[in-house]
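**Q** 117 is the number that UniProt numbering gives the last residue of the sequence shown; the numbers go up by one with no jumps. I have a structure here, written as structure tokens, and I will follow up with some questions on it.
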Amino acid sequence: MTATIAQPAELRPLNTTLSLLDSPWKPLILYRLTDHDYRFVELHRTLTACPQATLTNQLTQLVRDQLVVTANAPAAPTSYSLSRTGRSLVPLLLALNRWGRAYVAETQPVTSAHHDA
């Protein structure tokens, strides 16, 4: 039997948001889609470290969660874009990126180019 941990009601929206971004790739995919629509091959080219099967799986989940929408034109590959709900995440993604930059700057050890011999 799996135990469930009760969470305070005021934290449920935060938990929901974090669960939508629960992989290392989802925020990157969403961030990439902020500038324009992408076909799968184009998106994969911008995220070369992401295995093709993983990208397929992540896009499927993002579409299921209504953060990304697809457009299917006759005789054209499917393109992916942010949904209205996905677009509402853009300020959060930008803020997370700024926070991450500041965090890395604060926590990375300072290295000196000059060492005393």
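In this text, a Cβ means the ideal position worked out from N, Cα and C, and glycines have one as well. Every value quoted in this text rests on a predicted model; they were computed, and no experiment measured them.
1) Report the three-state DSSP secondary structure of Thr-70 (helix, strand or coil).
2) Taking only the alpha-carbon atoms, compute the straight-line gap between Arg-87 and Ala-73 and give it to the nearest angstrom.
3) Output needed for Leu-47: all residues of its chain with C-beta closer than 8 Å, excluding positions within five of it in sequence on either side, in chain order.
4) Measure the alpha-carbon distance for Tyr-80 versus Arg-98 and round it to whole angstroms.
5) If Arg-39 sits next to Pro-77, beta carbons under 8 Å apart, how far is it from one beta carbon to the other, in whole angstroms?
6) Could you tell me the alpha carbon to alpha carbon distance between Leu-59 and Leu-92, rounded to whole angstroms?
7) When burial is assigned at 16 or more other CB atoms within 10 Å of the CB, is Val-68 buried or exposed?
8) In terms of residues, what are the limits of the beta strand (DSSP E) holding Ser-81?
9) DSSP puts Arg-39 in a beta bridge; with which residues?
10) Can you say whether Leu-89 is buried or exposed, counting buried as having 16 or more other CB atoms within 10 angstroms of its CB?
11) Pick from Pro-109, Leu-94, Arg-101: whose alpha carbon is nearest that of Asp-35?
**A** According to the structure data:
1) Residue mapping note: residue 70 aligns to position 70 of the sequence shown, counting from 1. Three-state DSSP puts Thr-70 in a strand.
2) For the purposes of this step, residue 87 is taken as residue 87 along the sequence shown, with counting starting at 1. For the purposes of this step, residue 73 is taken as residue 73 along the sequence shown, with counting starting at 1. Answer to the nearest angstrom: the Cα atoms are 22 Å apart.
3) The residue labelled residue 47 in the question sits at position 47 within the sequence shown. Around Leu-47: Trp-25, Leu-28, Ile-29, Arg-32, Leu-55.
4) Residue 80 sits at position 80 when you count from the first residue of the sequence shown. Residue 98 sits at position 98 when you count from the first residue of the sequence shown. Going from the Cα of Tyr-80 to the Cα of Arg-98 covers about 25 Å.
5) On the sequence shown, residue 39 is found 39 positions in, with the first residue counted as 1. On the sequence shown, residue 77 is found 77 positions in, with the first residue counted as 1. Going by Cβ atoms, the distance from Arg-39 to Pro-77 rounds to 5 Å, so yes, they are a contact pair.
6) Counted from its first residue, the sequence shown places residue 59 at position 59. Counted from its first residue, the sequence shown places residue 92 at position 92. Roughly 19 Å between the two C-alpha positions.
7) For the purposes of this step, residue 68 is taken as the residue at position 68 of the sequence shown. With 16 or more other Cβ atoms within 10 Å, it is buried.
8) The residue you call residue 81 lines up with position 81 of the sequence shown. Residues 79-82.
9) For this step, residue 39 is matched to residue 39 along the sequence shown. Answer is Ser-79.
10) Counting from 1 along the sequence shown, the entry for residue 89 is found at position 89. Buried, by the Cβ-count rule.
11) Numbered from 1 along the sequence shown, position 35 holds the residue referred to as residue 35. Per the Cα distances, Leu-94.
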